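Under the numbering used here, the letters of the sequence shown match residues -2 to 318, in that order.
Virtual Cβ for every residue (Gly too), placed ideally from N, Cα, C.
Remember, predicted model here, so these are calculated numbers, not experimental data.
Comments concern the structure below.
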Amino acid sequence: MADASYLEGNLLTAVPKELAHLKQLMLVDLSNNSISSLTPLVFNNMTRLSTLILSYNQIRCVPVHAFDGLRSLRLLTLHGNDLSTIPEGAFNHLTSLSHLALGANPLYCDCELRWLSQWVKAGFKEPGIARCSGPSDMADRLLLTTPLNRFQCKGPVDLHLMSKCAPCLASPCQNNGTCVGDVTGSYRCSCPFGYKGRNCEIVMNACLSQPCSNGGTCHLPPGQEGQYSCACPPGFEGQRCEVNPDDCEDHDCENNATCVDGINNYTCVCPSNYRGRRPATSVRRPGCSGRRPAATRMGNSIRTGNFVAAVTRCFGLVGRF
């Protein structure tokens, strides 16, 4: 029939995005696939849909806006999945819903799921099949008939349950990788240099990406997979030879000369009435240390500190100096 889509048993791992364009559909059967999560607003345009079958998948996480837009939906079956909790507000848009199938899910009936028990009690939308699997004092109790005051939060929740919708809590990224989660319960790992893979578990040849800058040579330390070291050329340093040290930090430019940093050397730019050696190398020799010779002046010099001060006596000139 043109208003139904039967996609059961197709090894699907996600709800096909193309379904959102089929606004005329009234029934969608996605049962017996391998769908593990739903994305927000995935059914948003399917305003005529009255039956949605998602049973016998691997759905472990339902985002709060997963079923938004399904105002005509009457039957929703989530039977036989891996749901431990459902966020409050997930069914707010299901104003026409008359039957909810939640059986065969490992529901964790603490205070976070109290709202759901109250919701099914109010409209008898769940027929008394869904049972709690935990905490231990709630095991095997019916979601429909268990008093609301029994839904309590006592102590820490098992990390396995919490990580279903927040996988980064389980620290899946290895080798100091950074975990980034999303609302669907999925995650990705941002791997440090030298590692790759879904969980940063694969060691790379660290030198393949040529990490050493400025002509540095990459070496692989024996027995240290994923590590590298850079042999830097003269004038550079740092883990990747990315740093050109400031040779002007300890320069010998004198008499207010300007020091210009180079690579493993520096240059003294002398004032107009001084001269000197430039560029200076790693053997630090004074730059700009003598006045330019004057034809009518004679004098001697007195060294004070790191510069040469000229004390000049002038002869044969008219005027005072």
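Quick check on the burial criterion: 16 or more other C-beta atoms within 10 angstroms. Buried or exposed for residue i?
i	result
K14	exposed
D0	exposed
F148	buried
I32	buried
I320	The question about residue 320 has no answer here: the residues shown for the chain are numbered -2 through 318.
G182	buried
V12	buried
L91	buried
P144	exposed
G77	buried
V39	buried
P268	exposed
E246	exposed
H18	exposed
H157	exposed
T44	exposed
K20	exposed
A136	exposed
D244	buried
P219	exposed
V266	exposed
L205	exposed
D249	buried
P242	exposed
Y263	buried
T10	exposed
On the DSSP letters alone, give me the boundaries of the alpha helix (DSSP H) that residue i sits inside.
i	result
R111	R111 to G120
L158	L156 to M159
Under 8 Å by Cβ, that's how I've got residue i and residue j pegged, so tell me the actual separation to the nearest angstrom.
i	j	result
L49	V25	5 Å
L75	S47	Wrong, their Cβ atoms sit about 16 Å apart, outside the cutoff.
C227	N252	C227 to N252, Cβ: 39 Å. No contact.
Y3	N29	Between N29 and Y3 the Cβ distance is about 11 Å, and since that is not below 8 Å, they are no contact.
N261	G223	Contact doesn't hold; Cβ gap of about 31 Å is too wide.
L140	L113	7 Å
A87	F64	6 Å
P164	N196	Rounded, the Cβ-Cβ distance is 11 Å, inconsistent with contact.
For residue i, report the span of its beta strand (DSSP E) as first-last.
i	result
S2	A1 to Y3
G50	The question names Gly, yet the displayed sequence has Ile at residue 50. T48 to I50 is the span of the beta strand (DSSP E), which, as asked, contains I50.
R185	Y184 to S187
L24	L24 to D26
Tell me, please, which residues DSSP counts as bridged to residue i.
i	result
H216	S226
T255	V266
R128	L139
K193	I199
H96	L72
S34	C58
G178	Y184
E85	Paired residue(s): none; E85 is not in a bridge.
E234	V240
Y105	G131
Original post:
How do the region 117 to 125 and the region 151 to 158 stand: do at least 3 beta-carbon pairs fall below 8 Å, yes or no?
Top reply: Using a C-beta cut-off of 8 Å, the region 117 to 125 makes no contact with the region 151 to 158, since fewer than three inter-stretch Cβ pairs fall below that distance.
Original post:
Can at least three beta-carbon pairs, one atom from the region 212 to 219 and one from the region 182 to 191, be found at a separation below 8 Å?
Top reply: Using a C-beta cut-off of 8 Å, the region 212 to 219 makes no contact with the region 182 to 191, since fewer than three inter-stretch Cβ pairs fall below that distance.
**OP:** Specify whether the region 162 to 180 and the region 85 to 100 touch according to this definition: at least 3 beta carbon pairs, one from each stretch, less than 8 Å apart.
**Re:** no
Subject >> Three-pair Cβ contact test at 8 Å for the region 98 to 116 versus the region 82 to 89 >> reply: By the criterion of at least three beta-carbon pairs nearer than 8 Å, the region 98 to 116 is in contact with the region 82 to 89.
Original post:
Okay, do the region 34 to 41 and the region 59 to 74 touch, 3+ Cβ pairs below 8 Å being the bar?
Top reply: yes
Original post:
Is the region 231 to 249 touching the region 202 to 211 in the sense that three or more CB pairs, one from each, lie closer than 8 Å?
Top reply: Touching, yes.
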